[in-house]
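Step one of this worksheet: look at the structure below.
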Amino acid sequence: MSSAGKSRSTGDPILVVRDIVKRYPNGNQFIDVLKGISMTVRYGEMAAIMGPSGSGKTTLLQILGLFLRPTRGTYLLAGDDVLKLDRNAQASVRGQRLGFVLQGCDLLEKTSVYENLEYPLIYTRFSPNKRRERIHLALERVGMTHRINHDANKLSGGERQRVAIARALVNLPEVILADEPTGQLDHKNSHIIMEYFAEVVGKGDTAMIMVTHDAEIARHCQTIYHIEDGVLKG
Ligand SMILES: Nc1ncnc2c1ncn2[C@@H]1O[C@H](COP(=O)(O)OP(=O)(O)OP(=O)(O)O)[C@@H](O)[C@H]1O
Ligand SMILES: [Mg+2]
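Here's what the structure looks like:
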């Protein structure tokens, strides 16, 4: 399944979620961690999600990333009802249509920077030449070309973060989901990365949803949501 070929333009919705509830059992009761989240994110849009610890930010991101099923609600990705898909089809959506910057980076250790970026491209139809080109371009944009053959486990925390960001973008995802993508970067690099995101997303082929605790970083986004006690406030 793919949205390729569908006509669209900047400003059209790419991600539409309605009334997402996530309920966990808690003894003989339950807790609703998300209590009816609705949001619409458009091509070319960067949206930030802010909120106190335990408010449900990561839970929401995991649902949008199809790592976690909500108790109820709908989720349309470029019009496709992705919650109705089976696990395999969801895995292929994750690999081909979503890009992730997870907390802690999760790079493949003892594997080169180049191979880390090549990994998401295995699921695409890019030719070997096109893959190389995309990898070089993505690394260039995060200022990491000089470390292309370095083992991931020999990088600094900030360098790892930059490689993780390049990896999230290398397969040109429709939606980038990022949990504190600048969490380990200094002020200067944080803003460089946000400008890179803005440039990539601003082209209108993709959108980004990021969790951040940093109001200054959130200002790079057109939309800032505040989540509190499982409820979204625009
Ligand atoms: N499997 C689970 N069972 C029960 N409760 C859970 C489960 N997973 C998460 N929670 C609860 O859901 C709430 C939201 O968790 P979540 O990780 O989404 O918060 P967060 O907003 O990302 O917080 P932080 O800023 O600390 O990362 C928390 O109160 C957490 O304890
Ligand atoms: Mg979290």
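Letter by letter, the sequence shown follows residues 1 to 234 in my numbering.
Cβ coordinates follow ideal geometry from the N, Cα and C atoms, glycine included.
- Scanning the region 197-221 from its first residue to its last, the whole beta strand (DSSP E) runs of 3-plus residues come out as 207-211.
- In the DSSP assignment, residue 30 is bridged to 25.
- Going by C-alpha positions, residue 114 is about 28 Å away from residue 212.
- Just so you know, the alpha carbons of residue 48 and residue 38 end up roughly 14 Å apart.
- Nearest in C-alpha terms to residue 218, of all of 153, 190, 15 and 200, is 190.
- Put simply, the backbone Cα of residue 141 is about 15 Å away from that of residue 181.
- In the displayed model, residue 72 falls within a strand according to three-state DSSP.
- Taking 3 residues as the shortest admissible run, the region 77-145 contains the following complete beta strand (DSSP E) segments, listed from N- to C-terminal end: 98-101.
- Assignment of residue 180 by DSSP, reduced to helix, strand and coil, places it in the coil class.
- Rounded to whole angstroms, the gap between the alpha carbons of residue 125 and residue 67 is 24 Å.
- Nearest in C-alpha terms to residue 195, of all of 46, 88, 80 and 226, is 46.
- Of the heavy atoms belonging to ligand 2, none sits nearer than 7 Å to the Cβ of residue 182.
- Within the same chain, 46 and 220 come within 7 Å of residue 198 by CB-CB distance, once the 5 residues on both sides are set aside.
- Judged by the Cβ position, residue 22 fails to qualify as a neighbour of ligand 2 at the 7 Å threshold, every heavy atom of the ligand being at least this far.
- Within 7 Å of the C-beta of residue 229 there is not a single heavy atom belonging to ligand 2.
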